[in-house]
Amino acid sequence: MEKTTVVVIGGGATGLGILRDLSMRGVKALLVEKNDLVNGASSRYHGLLHSGGRYAVKDQEAAKECIIENQIMRKIGKSCVEPCGGMFTRLDIDDPAYEELWVKGCADSGIEATPITLDEAFRLEPRLSRKHVKSAYLVPDAAVDGFRMAWQLIDSSKRYGGELKTYTEVIGFDTVNGELCGVKVRNQFTGETYEIACDIAVNAAGGWAGFVGKLAGVEIGVQPDKGTLIAFNQRIVNRVVNRLHKSSDGDIFVPHGSITILGTSSMSVPNPEDTSTSREEVESLIRIGEQTFEDLRDFRILRTFAGSRPLYIPPGGAVGRSASRGFAIVDHEQDGLKGMFTIVGGKFTTYRLMAEKICDQICAKLGNTTPCRTADEPLVEEVPQADKDRAKKFFPSYGTNLAATRLGVERFKRVVERLESDPESRELVCECENVTRAEVEEICRDDTSFIVNDVRRRTRIGMGTCQGNFCALRAAAIFSDMGVESTAKDSLTRLREFLQGRWKGIRPVLLGRTLRETEMTRAIYELSMNVTGGAAH
């Protein structure tokens, strides 16, 4: 039987933050996740590193947490954060009285909100509606790459002895006289079930926290709240642009590299597995978004996606947008189960703070007095410039930096060495994201890579302009060549699953150029290659 001190359940930002914090304090910890890492809300969101401005009126405690963690994240996770800044704009249809409350709320929360003239606003964001925008403020918002942050958290945790198992689902708990002594899990690929003995289990499963709680016989007030987002194939904005009004749908634009994400909606759902999107949701978001950017319909949509916020709902509490964006920690000893904790609520921006607070409680139970250091130590070392210079002959200048931040010091060095010694490894598997064969092979060797989608989340293959049109088959072939497949499903089945995952987000936006490109994809994979198993032509 495996044995550890703490089992962390859930591979989102909060769970990974807990694993890192515990490992840095010298606590033996193991994280289990039923899918791949950041498969839930930690990747299915707009990628906004909040300044706290969005919560300055209704939830100042959350706003204060955001601005503090915003500054910490910029320091410890530099390569994951784009410090693009943010702008709040009030439109002619928005309440001027709310603007006054917001300005005061920002001041009270310690958020620097600088008023600017409309001329300056239009200079900074030329596409803003001259017709509707009436006032503007600059705030320290930023964009953050959730995938990259997750992998850096794992690398940091492993340096201190942290362990993880992906595709490992919790199916039950072992207790003796009301005290937890083990976690029962199942390997999602082999079906093998086994137990991990532990002293403490932490339920950090996000939207799934309620389901995990039921396995332990405890009730947890968490409500999955689905939000739909749209990814545009162009950088429409230079910085994060928020509507200056009471939080609503379709009022945040976030730039990410060469694209822009518009979001989000808010809908309570019974199951966080519901990541469906619809044409109606897309139309609603665009209709609202074009009040701020009147030419919004001129831009091609890459895809839609959705994720569920794990909103904490105490007895009699509000739901949806009225629910607090703060977080809650529950020690289930109060429910008669000693050795189990749950953490729910919060947001990506505050993951580190959430981890620190719950780890303080866990360490107190264990008698560990080591202080938290996660706010001071960078997640990873910076890649040496000498290694970047060696790589420049194989990448465009921007591609070198992308690969360096995706891979980290040791992996990047190995990839560069392979590129120098093996000409075949220089093949561009994904031209949209500048991912070489050497990088795909390096990630395939990772102990968390089981299917092509795992490599996608690590390298961004299939997430660029072509949405996997050309790189999906190449990546699947590399997987097959390396013998990575660890399941009964063959490589062709995994390729179909990859393509269906891309199709799920494209289907609600089949219009114009997106429709034409999708027809080309269908011709390649369905008609020419017969991937779907029908009659080939």
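Residue numbers (this note's numbering): 248 to 784.
Positions of the beta carbon are idealized from the N, C-alpha and C atoms, including for glycine.
How would you label ASN716, buried or exposed, when you count the other beta carbons within 10 angstroms and need 16 or more for buried? Classification of ASN716: buried, given that the 10 Å Cβ count is 16 or more.
Measuring only the C-alpha atoms, how far is ASP737 from ALA724? The straight-line gap from Cα to Cα measures roughly 11 Å.
The alpha helix (DSSP H) that contains ASP636, what's its start and end? Judged by DSSP secondary structure, ASP636 falls within the alpha helix (DSSP H) whose first and last residues are 632-638.
Looking at the strands, I want to know which residues DSSP matches up with PHE552. According to DSSP, which records beta bridges pairwise, PHE552 is partnered with LEU476.
Nearest neighbour of PRO785, chosen from PRO670, GLY468 and VAL328 [CA to CA]: Limits of the chain in this structure are 248 at one end and 784 at the other, which puts residue 785 out of reach.
Counterpart residues of GLU280 in DSSP-defined beta bridges: Paired residues: none, contrary to the question.
Using 8 Å as the cut-off, can you tell me whether the region 273-283 makes contact with the region 545-555, which would need three or more C-beta pairs spanning the two stretches below that distance? Result no; under three Cβ-Cβ pairs closer than 8 Å.
Below 8 Å on the Cβ atoms is my contact criterion, and I expect ASP634 with PHE659 to pass it. Report the Cβ-Cβ distance as a whole number of Å. Right, the Cβ-Cβ distance comes to about 6 Å (below 8 Å), so this counts as a contact.
Cutoff 7 Å; reference GLY567; Cβ partners in own chain excluding five residues on either side: Confidence at GLY567 is low in this model, with a pLDDT of 46, below 50, so the placement of that residue should be treated as unreliable; the coordinate-derived value is given next. Taken in chain order, the residues that qualify are ASP472, SER513 and SER515.
Could you check the C-alpha separation between ILE499 and THR511 for me, to the nearest Å? In a straight line, the C-alpha of ILE499 is about 7 Å away from that of THR511.
The alpha helix (DSSP H) spanning ASP366 covers which residue range? ASP366 -> alpha helix (DSSP H) spans 365-371.
Can you name, in chain order, every residue of its own chain whose Cβ lies under 8 Å from the Cβ of ASP623, other than the five neighbours on each side? Close CB contacts of ASP623 within its chain, under the 8 Å cut and outside five residues either way in sequence, are with ILE323 (chain order).
With a threshold of 7 Å on Cβ separation, who are the neighbours of GLU766 within its own chain once the five nearest residues in sequence on each side are excluded? If we look at GLU766 and ignore the five residues flanking it on each side, it has no Cβ neighbours.
Inside the region 315-376 only - alpha helix (DSSP H) runs reaching at least 4 residues: Runs of the alpha helix (DSSP H) inside the region 315-376: 343-356 and 365-371.
ASN434 in three-state terms, based on DSSP: DSSP places ASN434 within a strand segment (E or B) once states are collapsed to three.
Going residue by residue through the region 450-518, where are the continuous alpha helix (DSSP H) segments of at least 4 residues, counting only ones entirely within it? Runs of the alpha helix (DSSP H) inside the region 450-518: 456-462.
Near SER523, what residues of its chain come up, given a Cβ to Cβ distance below 6 Å and the 5 sequence neighbours on each side ignored? Scanning its chain for C-beta atoms nearer than 6 Å, with the 5 sequence neighbours on each side dropped, one finds no residue around SER523.
Is the distance from the Cβ of MET587 to the Cβ of LEU427 below 8 Å? Contact flag set, yes.
Go ahead and pull the three-state DSSP assignment for SER382. Reduced to three states, the DSSP call for SER382 is strand.
Locate the beta strand (DSSP E) running through CYS243, then write down its first and last residues. Because the chain here runs from 248 to 784, residue 243 falls outside it and cannot be looked at.
If we require 3 or more residues per run, which beta strand (DSSP E) segments fall completely within the region 658-742? If we require 3 residues or more, the beta strand (DSSP E) runs fully inside the region 658-742 come out as 675-677.
On the DSSP bridge assignment, give the partners of ASP578 in chain order. Note: ASP578 is bridge-paired with PHE588 in the DSSP secondary-structure output.
Would you please state the rounded distance, in angstroms, between the beta carbons of LEU375 and PHE540? I believe it to be under 8 Å. Indeed they touch by this definition, with Cβ atoms about 7 Å apart.
Find the nearest neighbour of PRO519 within the set LEU462, ASP496, GLY453 and VAL577, judged by alpha-carbon distance. Ranking LEU462, ASP496, GLY453 and VAL577 by Cα distance to PRO519 puts GLY453 first.
For the beta strand (DSSP E) that LEU411 lies in, which residues bound it at each end? First-last of the beta strand (DSSP E) with LEU411: 410-412.
Segment contact, 8 Å Cβ cut-off, at least three pairs: the region 395-402 with the region 341-349: Touching, no.
Same chain, Cβ closer than 8 Å to LEU757, five either side skipped, listed in chain order: Excluding positions up to five away in sequence, the list reads THR765.
Do LEU385 and LEU277 have their beta-carbon atoms positioned less than 8 Å apart in this structure? No, these two residues do not count as a Cβ contact at 8 Å.
Exposed or buried, GLY564, counting other C-beta atoms within 10 Å across all chains shown (16 or more means buried)? Confidence at GLY564 is low in this model, with a pLDDT of 48, below 50, so the placement of that residue should be treated as unreliable; the coordinate-derived value is given next. By the neighbour-count rule (16 or more Cβ atoms within 10 Å), GLY564 is not buried but exposed.
Around the Cβ of VAL423, are there at least 16 other Cβ atoms within 10 angstroms (buried) or fewer (exposed)? Exposed, by the Cβ-count rule.
Exposed or buried, what is SER404 when buried is set at 16 or more other beta-carbons lying within 10 Å of its beta-carbon? With 16 or more other Cβ atoms within 10 Å, it is buried.
Taking just the CA atoms, how far does VAL487 sit from ARG544? If you take the alpha carbons of ARG544 and VAL487, they lie about 19 Å apart.
GLN714: buried (16+ other C-beta within 10 angstroms of its C-beta) or exposed? Counting every other CB atom within 10 Å of its CB across the protein chains shown gives GLN714 a total of 16 or more, marking it as buried.
DSSP on ALA565, reduced to helix/strand/coil? Because the pLDDT of ALA565 is 45, which lies under 50, any placement of that residue in the model is unreliable, and the question is left without a value.
What's the call for GLY257, buried or exposed, on a 16-neighbour Cβ count within 10 Å? Buried, because 16 or more other Cβ atoms sit within 10 Å of the Cβ of GLY257.
For the candidate residues HIS297, LEU558, ILE447 and SER290, whose alpha-carbon lies nearest to that of ALA611? Checked all of HIS297, LEU558, ILE447 and SER290; the closest Cα to ALA611 is ILE447.
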